[in-house]
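Chemist: Here the sequence shown is numbered in the working numbering, starting from 1 and rising by one per residue.
Think of the CB as a built atom: it goes at the ideal place given N, C-alpha and C, for glycine as much as any other residue.
Take this structure first; my questions come after.
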Amino acid sequence: MRDMLFFLPLIVLLAWAAAIDLRTRRIPNWLTGALMASGLIQSGMGYWSLSLTQSWAGLGVGFGINFILFAINARGAGDVKLFAGVGAWVGPARVLEIFAASALVGLVIVLWQAVRERRMQTLVRNSAVIMLNAASGDLSSPEEPASPEASKQRLPYAIPTLVATILVLFSGRRWL
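Following this line, the structure appears as structure tokens:
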């Protein structure tokens, strides 16, 4: 119960980010900044076993691993900053666990959408193209059309981040 109360600000901020991301496909800087700042502040207050150094390390790991995906156009800048904020709250090991869990949650959501919208063949074909390009050293992802329908199909990644954070933090297990 104590853990749930301790992480309540993190969960509230992530839920807020998920709601905004779902509606606008953007995460405001003030929200990601508040997430990062509150994570660093809580580590310096002595309520939790996370030191200020671990909080900074988590911020760096959360930012770094997602910046790589941003650099190949697989994530948005808001997602990078959002994960940096999560890392500031949970530290480097937990942010890696949340990153892995969010990838799995995102995969389930994308598969569900593809089946529901009868786009599974397109998803498999595009995934094969990305894999073949990656095997030849091209890590860029294909450009998406600029239509409003394409932007609605793109996964608002704050949602899998929220779900994964809740699952990892409240599962009672340490994976790393």
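1) What residue range is occupied by the uninterrupted alpha helix (DSSP H) comprising Phe-127?
2) Ignore the nearest five residues each way along the sequence and tell me which others in Ile-159's own chain have a CB closer than 6 Å to its CB.
3) Excluding five sequence neighbours on each side, which residues of the same chain lie with their C-beta closer than 8 Å to the C-beta of Phe-70?
4) Ala-100: which of Arg-25, Arg-174, Ala-15, Arg-154 sits nearest, CA to CA?
5) Taking 8 Å as the threshold, find out whether the segment 85-95 comes into contact with the segment 53-71 through three or more Cβ pairs.
6) Measuring alpha carbon to alpha carbon, tell me which of Arg-118, Ala-114, Phe-63 ends up nearest Gly-33.
7) Between the alpha carbons of Gly-137 and Ala-164, how many angstroms are there, rounded?
8) Write down every uninterrupted run of the alpha helix (DSSP H) in the segment 14-69 whose length is 4 residues or greater and which is fully enclosed by it, in chain order.
9) May I have the straight-line CA-CA distance separating Ser-38 from Val-108, to the nearest angstrom?
10) Under 8 Å by Cβ, that's how I've got Leu-155 and Gly-106 pegged, so tell me the actual separation to the nearest angstrom.
11) Over what stretch of residues does the alpha helix (DSSP H) that includes Gly-76 continue unbroken?
12) With Ile-11 and Ile-20 assumed to form a contact (beta carbons below 8 Å), what rounded beta-carbon distance in angstroms separates them?
Modeler: Considering the structure as presented:
1) Reading off the sequence, residue 127 comes out as Ser, not Phe. 120-135 is the extent of the alpha helix (DSSP H) around Ser-127.
2) Ala-18
3) Gly-76, Ala-77, Asp-79, Val-80
4) Arg-174
5) yes
6) Phe-63
7) 30 Å
8) 29-43
9) 30 Å
10) 6 Å
11) No alpha helix (DSSP H) holds Gly-76; DSSP gives it neither H nor E.
12) Actually they are not in contact, since the Cβ atoms of Ile-11 and Ile-20 sit about 15 Å apart, beyond 8 Å.
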